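With the sequence shown counted from 1, adding 52 to any position gets you the numbering used here.
Glycine included, every Cβ here is placed at the ideal spot set by N, Cα and C.
Note that the structure is predicted; figures quoted are calculated from it, not measured.
See below for the structure under consideration.
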Amino acid sequence: MILAASTDLARGQTAFSLAFHICFAVFGVGMPWLLLYTERRWIRTGDPVWLALTRKWARAFAVMFAVGAVSGTVLSFEFGLLWPAFMARYGGALGLSFTLEGFAFFIEAVFIGLYLYGWKRLSPRAHWLTMLPIAVAGTLSTLFIITANAWMNVPRGVREVDGRVVSAEPLAPFLTPATPAQVVHMLLAALMCTGGAVAGVYAVGMLRGRRDAYHCRGLRVGLVTVLACAPLQLIVGDWASRVVAKQQPVKLAAMEALYRTRSHAPLTLGGIYDDVTGEVRHGIEIPDLLSLMTGWSRDHVVTGLAAVPPAERPNALIVHLAFDTMVALGTALVGLSVAVAVVAFRRRRRGVHPAIPIGRGWLFAASATGPASMIAMLAGWEVTEGGRQPWIVYGRMLVTDAVTHSPGLGWAFGGTLLLYLGLSTALVLILRRMATGGPAYETASIAADAVSADALSADAVPADPVPAAREAAPAEPARPAGADR
Numbered sequence: 053m054i055l056a057a058s059t060d061l062a063r064g065q066t067a068f069s070l071a072f073h074i075c076f077a078v079f080g081v082g083m084p085w086l087l088l089y090t091e092r093r094w095i096r097t098g099d100p101v102w103l104a105l106t107r108k109w110a111r112a113f114a115v116m117f118a119v120g121a122v123s124g125t126v127l128s129f130e131f132g133l134l135w136p137a138f139m140a141r142y143g144g145a146l147g148l149s150f151t152l153e154g155f156a157f158f159i160e161a162v163f164i165g166l167y168l169y170g171w172k173r174l175s176p177r178a179h180w181l182t183m184l185p186i187a188v189a190g191t192l193s194t195l196f197i198i199t200a201n202a203w204m205n206v207p208r209g210v211r212e213v214d215g216r217v218v219s220a221e222p223l224a225p226f227l228t229p230a231t232p233a234q235v236v237h238m239l240l241a242a243l244m245c246t247g248g249a250v251a252g253v254y255a256v257g258m259l260r261g262r263r264d265a266y267h268c269r270g271l272r273v274g275l276v277t278v279l280a281c282a283p284l285q286l287i288v289g290d291w292a293s294r295v296v297a298k299q300q301p302v303k304l305a306a307m308e309a310l311y312r313t314r315s316h317a318p319l320t321l322g323g324i325y326d327d328v329t330g331e332v333r334h335g336i337e338i339p340d341l342l343s344l345m346t347g348w349s350r351d352h353v354v355t356g357l358a359a360v361p362p363a364e365r366p367n368a369l370i371v372h373l374a375f376d377t378m379v380a381l382g383t384a385l386v387g388l389s390v391a392v393a394v395v396a397f398r399r400r401r402r403g404v405h406p407a408i409p410i411g412r413g414w415l416f417a418a419s420a421t422g423p424a425s426m427i428a429m430l431a432g433w434e435v436t437e438g439g440r441q442p443w444i445v446y447g448r449m450l451v452t453d454a455v456t457h458s459p460g461l462g463w464a465f466g467g468t469l470l471l472y473l474g475l476s477t478a479l480v481l482i483l484r485r486m487a488t489g490g491p492a493y494e495t496a497s498i499a500a501d502a503v504s505a506d507a508l509s510a511d512a513v514p515a516d517p518v519p520a521a522r523e524a525a526p527a528e529p530a531r532p533a534g535a536d537r
């Protein structure tokens, strides 16, 4: 009973910490790449709208980086405090991944300081170049951790004798079959979450009447990012599922709520898995499709949950629900990307500006891309982690064998919740103070612009701010001669 309570508390605290931290880690991956784009556009064009977007996003990125650094530090301590047996046994196998992640984080932190304090001290080109190592290091920092998780799913390169590791390949996390698919899957998820969040912020602003160049460009950058990645994520997701089918067949059975090992296995959409009967209630079965997708043949045999003892089965009810949630939201984003692409193509041919549709219905859909991407990402992590249960290292070490037996886990969990509550409150307050809309020269009313009545439709905004507003605007930061060369 005590062991079960300790396991539940440790799992709950780790799951909460990971879910909280990853919501900020994705911005550490995606936001620097967007900043590279917007600042480069300002350097090349001198357009103050691009500068305004860059300055605003840079401040928001700095705040989220600080919160992510705190939550990531807490998570790193939890590995040793909550799972000491796991770290003692397999720490050597994962040491290189964690070490490289630490170096990448320090590089990112150093160059963030240079970027934030270099606006008036560096030339535009030098300032822009300081963002490049931030983007690369931020991406690698997260992806190095993904390699460790991929190794936990498909352990390779470790030799054990009587439950003790006697040799471990330093590059084992990078060479496991699960690493390539998981790394690419997470990279695309991070870009989608970042793009969706940016698109959502500016879509809401436009729904409130701020239909200016500043909001339109912010919406365009974010929406193109999330919608361009969505079809690619569908392909990579299929790749990752095939790796799971080959390396973790029981996880696939939980994802698809398949109880009995069989050929002609159906693909089940939705429904509620009944652990007692092994059936799915209210689901939609597509005959033979799971066998076709995993083995390219209806006669392909797919492993079911019944192939392993009940104690070694993951919670198929939760895993199947999470998998369906991820797939449904991803499919919706793919559908939206196709619809936006078709409409944008037609509008561009007619010469309508902007090409991306910005009617109220489209803006509502754009505002949902951020929450949809984030929920899909969290659901995907539940599939990854929940589908591996009850193993902390698949097929080698059980969660119950890795957890700490120290008392006071409830107090530690409570303290972690209070810390994250404080961080969340501070973040919301800071971001709300930063949400001041665009600068004066970007927020002029469409009604004041000297455009024809045809341009004042629900799907049109002026290409530039009004002349009067531009004349009243403060001077933009000067660019040195030769900045575009």
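Quick one: residues in its chain with C-beta nearer than 6 Å to the C-beta of residue i, no 5 flanking neighbours on either side, listed in chain order?
i: Met244; result: Val278, Cys281 and Ser425
i: Thr313; result: Thr355, Gly356 and Ala359
i: Lys108; result: none
i: Tyr254; result: His267, Gly270 and Leu271
Assuming residue i and residue j make a contact with CB atoms under 8 Å, what is their CB distance in whole Å?
i: Gly330; j: Ala292; result: Between Ala292 and Gly330 the Cβ distance is about 25 Å, and since that is not below 8 Å, they are no contact.
i: Ala224; j: Ala140; result: So it is not a contact: roughly 17 Å between Cβ atoms.
i: Thr436; j: Asn205; result: 7 Å
i: Thr246; j: Gly120; result: Contact doesn't hold; Cβ gap of about 13 Å is too wide.
i: Ala407; j: Leu388; result: Actually they do not touch by this definition, with Cβ atoms about 15 Å apart.
i: Asp376; j: Leu321; result: 7 Å
Can you have a look at residue i and say buried or exposed, based on whether 16 or more other CB atoms are within 10 angstroms of its CB?
i: Leu470; result: exposed
i: Arg96; result: exposed
i: Met486; result: exposed
i: Phe157; result: buried
i: Val392; result: buried
i: Thr365; result: A quick correction: the sequence has Arg, not Thr, at residue 365. Buried, because 16 or more other Cβ atoms sit within 10 Å of the Cβ of Arg365.
i: Ile338; result: exposed
i: Arg412; result: exposed
i: Ala496; result: Bear in mind that the predicted position of Ala496 carries a pLDDT of just 38, short of 50, making it unreliable; the figure below should be weighed with that in mind. Ala496 comes out buried.
i: Thr90; result: buried
i: Tyr311; result: buried
i: Trp102; result: buried
i: Asp264; result: buried
Looking at residue i: is its Cβ nearer than 9 Å to the Cβ of residue j?
i: Ala317; j: Asp340; result: yes
i: Ala309; j: Gly274; result: no
i: Ala305; j: Ala368; result: yes
i: Thr194; j: Ser149; result: no
i: Thr456; j: Leu134; result: yes
i: Phe196; j: Glu153; result: yes
i: Ala299; j: Pro232; result: First, the residue type needs correcting, since residue 299 is Gln and not Ala in the sequence shown. No, Cβ-Cβ distance for Gln299 and Pro232 is not below 9 Å.
i: Ala202; j: Arg211; result: no
i: Gly270; j: Gly261; result: no
i: Glu160; j: Pro176; result: no
Between which two residues does the beta strand (DSSP E) containing residue i stretch?
i: Arg211; result: Val210 to Val213
i: Ser193; result: From DSSP, Ser193 is part of no beta strand (DSSP E) but of the alpha helix (DSSP H) over Pro176 to Asn205.
i: Thr320; result: Leu319 to Leu321
i: Ala220; result: Arg216 to Ala220
By Cβ distance, which residues of its chain are closer than 7 Å to residue i, with the 5 residues on each side in sequence left out?
i: Leu240; result: Cys281, Leu284, Gln285 and Val288
i: Leu61; result: Leu461, Gly462 and Phe465
i: Ser349; result: Ser343
i: Val122; result: Leu475
i: Val296; result: Lys303 and Leu304
Which residue marks the beginning of the alpha helix (DSSP H) containing residue i, and which one marks its end?
i: Arg294; result: Ala265 to Gln299
i: Val253; result: Thr231 to Leu259
i: Trp102; result: Pro100 to Leu134
i: Trp433; result: Arg412 to Gly438
i: Trp171; result: It is not in any alpha helix (DSSP H) - Trp171 carries neither H nor E in the DSSP assignment.
Counting only C-beta atoms, is residue i closer than 9 Å to chain C at any point?
i: Gly80; result: Within the model displayed, chain C is absent; a lone protein chain is all it includes.
Apart from the five residues just before and just after residue i, which ones in its own chain have a Cβ nearer than 8 Å to its Cβ?
i: Ala396; result: Ala407, Ile408 and Pro409
i: Ile370; result: Glu434 and Gly438
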